[in-house]
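The structure appears below as structure tokens.
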């Protein structure tokens, strides 16, 4: 009988706590006080014989491009300290200032801190490093026949088999690069038109429950823990110039145990994934970081009513922040592809329509937020807020709702998921709160997206 080695049955030692050495880098506005962005520096760099932590120069430049427009970094509060290292080099300082490249631009430039207000860059405006993955000879993936996302996700997980980062084969989740919560934004801006290839149509299955955001070219399979971390957001899938690899890039300004194993880890990206979709996810993550900075320190320039802006004044805001008006960017047959292409998203709690005569007050940036589960607390200011939004609806906007209700010009089914106010919404909320108040045994009522609860 063969002798068994005793250590083959011994318990394996416990894993050591994961460490993540990280230092902050803050990017400041040249006029406003406080940082507009803050990241974590994680990569070891030898500088003047000493080890320091750095972050790629291009990563910070691309982040600032998203929230402010094209520009450059300076190591001093004025532009004379312009950083002259290569874009593939590392920033090792604790603070930098960001200036727009256009010398004629207002130095008090606005910052986009709401992804739903961000006008996406054209494919030509996106830094080429993000699009290197879009090789002409890459194999394509046929559209799934499944008509719902739950079925599509099962199909993708079965097709991919493994997490694109960890290589794990269980607890897999289909991860939208542009999140599902931004489905209307995705459709309104027809993001798929920026994808590579001759086919300008979205790649999703036909059916009443299908949505453009469910395009498989922007859905990646990840292990559930990594997907949750990506949604924080803690990391993005990013290029790694000068190499042609795409990596898991942890940028969050906090210690994250996952970073020890996965920071700068090469990702195995399916050939269907589009580089523009990866950049759109990057933009979402960066704007999310900008949004969560303390409001008093976030240099947000108040949006003015169009009537307050002189007619002869040029639009100096970056193209990534200008908002569409009147559907002017649409023409030809594409203009009627989706009913919601004439809608424009406002703040997280706002959905504006063509012709809306209002602006988002800075004071609304951190109040009246709908909780993560979409349910409103009774006794909150939600009723007054909804009344205010109703009063701002124009006759044309109200008519759009009537036309949709009568079936004259219906909205796509998924459009209703984002309608947090509409004609009569304040009265409905009053009735919900009244019912809950008079029925102590009832804890919550309504659809999860609009439920009122007491505890």
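In my numbering, the protein residues as written are 2 to 456.
Backbone N, C-alpha and C define an ideal beta-carbon position, used for all residues, glycine too.
Predicted, not measured: the structure shown is a model, and the values here were computed from it.
- Counting the other CB atoms within 10 Å of its CB gives residue 428 a total below 16, which places it among the exposed residues.
- If you draw a 10 Å sphere on the C-beta of residue 110, you find 16 or more other C-beta atoms in it, and that means buried.
- Residue range 58–68 is occupied by the alpha helix (DSSP H) that includes residue 61, with no beta strand (DSSP E) assigned at that position.
- DSSP places residue 197 outside both helix and strand once states are collapsed to three, so it counts as coil.
- For residue 176, the uninterrupted beta strand (DSSP E) segment begins and ends at 173–177.
- The beta carbon of residue 192 sits closer than 7 Å to the beta carbons of 121, 179, 281 from its chain, once the five residues preceding and following it are set aside; these are given in chain order.
- Residue 262 is classed as exposed because its beta carbon has fewer than 16 other beta carbons within 10 Å across all chains shown.
- Of the residues 223, 82, 408, 290, the one whose Cα lies closest to the Cα of residue 159 is 223.
- Going by beta carbons, residue 73 and residue 83 fall inside the 9 Å limit.
- In the DSSP assignment, the residues bridged to residue 40 are 26.
- For residue 226, the uninterrupted alpha helix (DSSP H) run begins and ends at 225–232, by DSSP.
- Taken through DSSP and simplified to helix, strand or coil, residue 249 comes out as strand.
- With fewer than 16 other CB atoms across the displayed protein chains lying within 10 angstroms of its CB, residue 432 is exposed.
- Taking 9 Å as the cut-off, the beta carbon of residue 186 is found no closer than this to the beta carbon of residue 234.
- Residues of the same chain with a CB within less than 6 Å of the CB of residue 24, apart from the 5 flanking positions on each side, are 42, 54 in chain order.
- In this structure, residue 265 lies away from residue 176, with their beta-carbon atoms at least 9 Å apart.
- In the three-state reduction of the DSSP assignment, residue 240 falls in the strand class.
- For residue 47, the secondary structure class from DSSP, reduced to helix, strand or coil, is strand.
- The beta carbon of residue 423 is closer than 7 Å to those of 402 in its chain, skipping five residues each way along the sequence.
- Here the alpha carbons of residue 76 and residue 61 stand approximately 13 Å from one another.
- DSSP, reduced to helix, strand and coil, places residue 99 within a strand of the structure shown.
- Taking a 10 Å sphere around the C-beta of residue 430, we find 16 or more other C-beta atoms and assign the residue as buried.
- Under DSSP, residue 276 shares a beta bridge with no residue.
- Annotation: residue 271 to residue 386 spans about 45 Å, alpha carbon to alpha carbon.
- Within the same chain, 18, 19, 20, 21 come within 8 Å of residue 258 by CB-CB distance, once the 5 residues on both sides are set aside.
- Taking a C-beta distance under 9 Å as the contact criterion, residue 69 and residue 113 qualify as a contact pair.
- In the displayed model, residue 261 falls within a helix according to three-state DSSP.
- In terms of Cα proximity to residue 190, the closest of 268, 35, 398, 278 is 278.
- With a beta-carbon spacing of about 6 Å, residue 215 and residue 153 fall inside the 8 Å limit used to define contacts.
- Cβ atoms of residue 88 and residue 59 come within 8 Å of each other, at about 4 Å.
- Under the DSSP assignment, residue 150 falls in the alpha helix (DSSP H) whose first and last residues are 150–161.
- If you look at residue 75, you'll find it in the beta strand (DSSP E) that goes 72–75.
- When 242, 251, 102 are compared, the shortest CA-CA separation from residue 236 is found for 251.
- For the 9 Å CB-CB criterion, residue 39 and residue 290 form a contact.
- Closest by C-alpha distance to residue 94, out of 221, 409, 86, is 86.
- In the DSSP assignment, residue 439 falls within the unbroken alpha helix (DSSP H) covering 426–439.
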